[in-house]
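>
Residue numbers (the numbering used here): 79 to 154.
1) Helix, strand or coil for residue 126? Go by DSSP, reduced to three states.
2) Using CA atoms only, rank isn't needed, just tell me which of 114, 93 and 110 is closest to residue 103.
3) Might you give, ordered along the chain, the residues of its own chain that have their beta carbon closer than 7 angstroms to the beta carbon of residue 81, omitting 5 neighbours on each side?
4) For residue 89, which three-state DSSP category applies?
5) Provide the residue span of the alpha helix (DSSP H) that contains residue 113, from first to last.
6) Let me confirm a value: residue 89 is counted as buried when at least 16 other C-beta atoms fall within 10 Å, else exposed. Which label applies?
7) Assuming residue 91 contacts residue 127 (C-beta within less than 8 angstroms), just tell me the rounded distance between them.
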């Protein structure tokens, strides 16, 4: 399956989990920046896992299409 087959996809384990022990960030900033520059991260990719409202500006800078979080939502 390809990302273009879906309206949206979720990038899990964006940050260390707030609610689950042992769930760590899957990618470093050194991996995220090139993924953003290459268009792998785009408006169809929603960040999930350890996301807080304070992290939304950084996620927007990386061109994520949105953010999903436990107990909150970001809607643009």
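All C-beta atoms, glycine included, are put in the ideal place defined by N, C-alpha and C.
Answer, in terms of the structure:
1) Position 48 of the chain shown, counted from the start, is the residue given in the question as residue 126. If DSSP states are grouped into helix, strand and coil, residue 126 belongs with the strands.
2) The residue you call residue 103 lines up with position 25 of the chain shown. Here the closest residue by C-alpha is 93.
3) Numbered from its first residue, the chain shown carries residue 81 at position 3. Counting only Cβ-Cβ distances below 7 angstroms, and skipping sequence neighbours, we find 87 and 122.
4) Mapped onto the chain shown, residue 89 falls at position 11. Strand, per DSSP.
5) Mapped onto the chain shown, residue 113 falls at position 35. Note, residue 113: alpha helix (DSSP H), 107–115.
6) One-based indexing of the chain shown puts residue 89 at position 11. Residue 89 should be labelled buried.
7) As a first step, residue 91 is located in the chain shown; it is residue number 13 there, counting from the start. As a first step, residue 127 is located in the chain shown; it is residue number 49 there, counting from the start. That belief holds up - the Cβ atoms of residue 91 and residue 127 are roughly 5 angstroms apart, short of 8 angstroms.
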